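Enquirer: Converting from the sequence shown to the working numbering requires adding 1124 to each position, the first position being numbered 1. Think of the CB as a built atom: it goes at the ideal place given N, C-alpha and C, for glycine as much as any other residue. Note that the structure is predicted; figures quoted are calculated from it, not measured. Just passing along the structure, written as structure tokens.
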Amino acid sequence: MYCPKCGVQRADEAVYCTRCGQHFASPVEIVVPRPAPAPLPYADPGRRVAAFIVDWLIVLTPVIALSIAYAVLSPDVAEAATLENFDIDYSESYSGLAAFLLVLGFAGPWLYFAGFESSKRRATPGKMLLGLVVTNEDGGHIGFGRATARYFAKAISASLVLIGYLMAFWSDRRQALHDVFARTLVLEASAHTTPFKEPANVLP
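Right under this line is the structure:
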């Protein structure tokens, strides 16, 4: 660069010309504003309903099948079910079946939903089929703790005559009540590309 008054070459960082004393104007720093972040692609409630149906069909099919198989193959249950033994004490005969169904019915759906939603795919098979993912409120990955909280909060959504589920149709961020409690979102996977990051704690 050169001095506009005397023409002598000057250093880029110079404030005055070393020959004539000409003051150089400070260069204007142009600040380009960052573009506003794109809005998160909230899931369509209809697709959430479809994913819900698919997931519960997947969960309940093996539960029903195993329950039938257990009842058929268990000699105690088969004997207790015959008319001639109708007065038998059912408590002992059905204790094994009841314990089995209790564990399977409680732990199965919980591990299914919490496990898949906290995985790298961030979605259950039903949500994968419908192109949805479960995230935190910033669009990031959730851990198993938050996914567990989300699952059990569904009991509150269901207890209010399903109003908690229906909230997804009119809430600003398409959140059902259990999403609000767990601070989660359900997003369109095709439009959401935030990379997976391993959570730093139990309830990220």
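1. GLY1269 to ALA1135, Cα distance in whole Å?
2. Start and end of the alpha helix (DSSP H) containing THR1142?
3. So ALA1271 and PHE1237 are in contact, right, with Cβ under 8 Å, and what is the actual spacing, rounded?
4. Please state the DSSP three-state secondary structure of VAL1310.
5. Out of GLY1131, ASN1260, SER1243 and TYR1194, state which residue places its alpha-carbon closest to the alpha-carbon of TYR1166.
6. From PRO1163 to PRO1186, what does the alpha carbon distance come to, in whole angstroms?
7. Quick check on the DSSP output: the beta strand (DSSP E) that includes LEU1256 runs from which residue to which?
8. PHE1240 and ALA1277 look like a contact to me (Cβ under 8 Å); what is the Cβ gap, rounded to whole Å?
9. So which of ALA1282, VAL1310, SER1283 and VAL1285 has the shortest CA-CA distance to SER1295?
10. How many angstroms separate the CA atom of THR1308 from the CA atom of TYR1140?
11. Can you check whether the CB of ARG1172 is closer than 9 Å to the CB of LEU1286?
12. With 16 other CB atoms within 10 Å as the buried threshold, where does ALA1300 fall?
13. Is VAL1152 helix, strand or coil by DSSP?
14. Do the CB positions of ALA1383 and ASP1303 come within less than 9 Å of each other?
15. Count the other C-beta atoms from every protein chain shown that fall within 10 angstroms of the C-beta of ASP1262, then say buried if there are 16 or more, exposed otherwise.
16. I'd like to confirm something about GLY1131: is its beta-carbon nearer than 8 Å to some heavy atom of the ligand FAD, or not?
17. CA-CA distance, ASP1168 and ILE1192?
Expert: Quick answer:
1. Reading the sequence shown from its first residue, position 145 is the one you call residue 1269. Reading the sequence shown from its first residue, position 11 is the one you call residue 1135. Their backbone Cα atoms lie some 60 Å apart in a straight line.
2. Along the sequence shown, one-based indexing puts residue 1142 at 18. No alpha helix (DSSP H) holds THR1142; DSSP gives it neither H nor E.
3. In the sequence shown, counting from the first residue as 1, residue 1271 sits at position 147. In the sequence shown, counting from the first residue as 1, residue 1237 sits at position 113. Indeed, because the Cβ distance is near 7 Å, the residues count as touching under 8 Å.
4. If you number the sequence shown from 1, residue 1310 lands on position 186. Reduced to three states, the DSSP call for VAL1310 is strand.
5. By one-based count along the sequence shown, residue 1166 stands at place 42. Ranked by Cα distance from TYR1166, the options GLY1131, ASN1260, SER1243 and TYR1194 are led by ASN1260.
6. As a working mapping, residue 1163 is identified with position 39 in the sequence shown. As a working mapping, residue 1186 is identified with position 62 in the sequence shown. Between PRO1163 and PRO1186, the C-alpha separation is close to 39 Å.
7. Numbered from its first residue, the sequence shown carries residue 1256 at position 132. Residues 1256-1260.
8. Here residue 1240 corresponds to residue number 116 of the sequence shown, with the count starting at 1. Here residue 1277 corresponds to residue number 153 of the sequence shown, with the count starting at 1. Not quite, the Cβ-Cβ distance comes to about 17 Å (not below 8 Å), so this is no contact.
9. Within the sequence shown, residue 1295 is the residue found at index 171, counting from 1. Looking at the Cα atoms, VAL1310 is the closest of the given residues.
10. Sequence index remark: in the sequence shown, residue 1308 carries index 184 (1-based). Sequence index remark: in the sequence shown, residue 1140 carries index 16 (1-based). So the two alpha carbons sit approximately 59 Å from each other.
11. Working through the sequence shown from its first residue, we reach residue 1286 at position 162. Working through the sequence shown from its first residue, we reach residue 1172 at position 48. Cβ distance not < 9 Å, so LEU1286 and ARG1172 don't count as in contact.
12. Position 176 of the sequence shown, counted from the start, is the residue given in the question as residue 1300. Buried, by the Cβ-count rule.
13. Taking the first residue of the sequence shown as position 1, residue 1152 is located at position 28. For VAL1152, the predicted structure reports a pLDDT of 48, less than 50, and the residue's modelled location is therefore unreliable. The matter cannot be settled from this model.
14. This structure leaves residue 1383 out entirely; the chain is present only between 1125 and 1328.
15. Within the sequence shown, residue 1262 is the residue found at index 138, counting from 1. Counting the other CB atoms within 10 Å of its CB gives ASP1262 a total below 16, which places it among the exposed residues.
16. With respect to the ligand FAD, the structure shown offers nothing to examine, as it has no ligands at all.
17. Start at 1 with the first residue of the sequence shown, and residue 1168 comes out as number 44. Start at 1 with the first residue of the sequence shown, and residue 1192 comes out as number 68. Straight-line Cα distance between these residues: approximately 37 Å.
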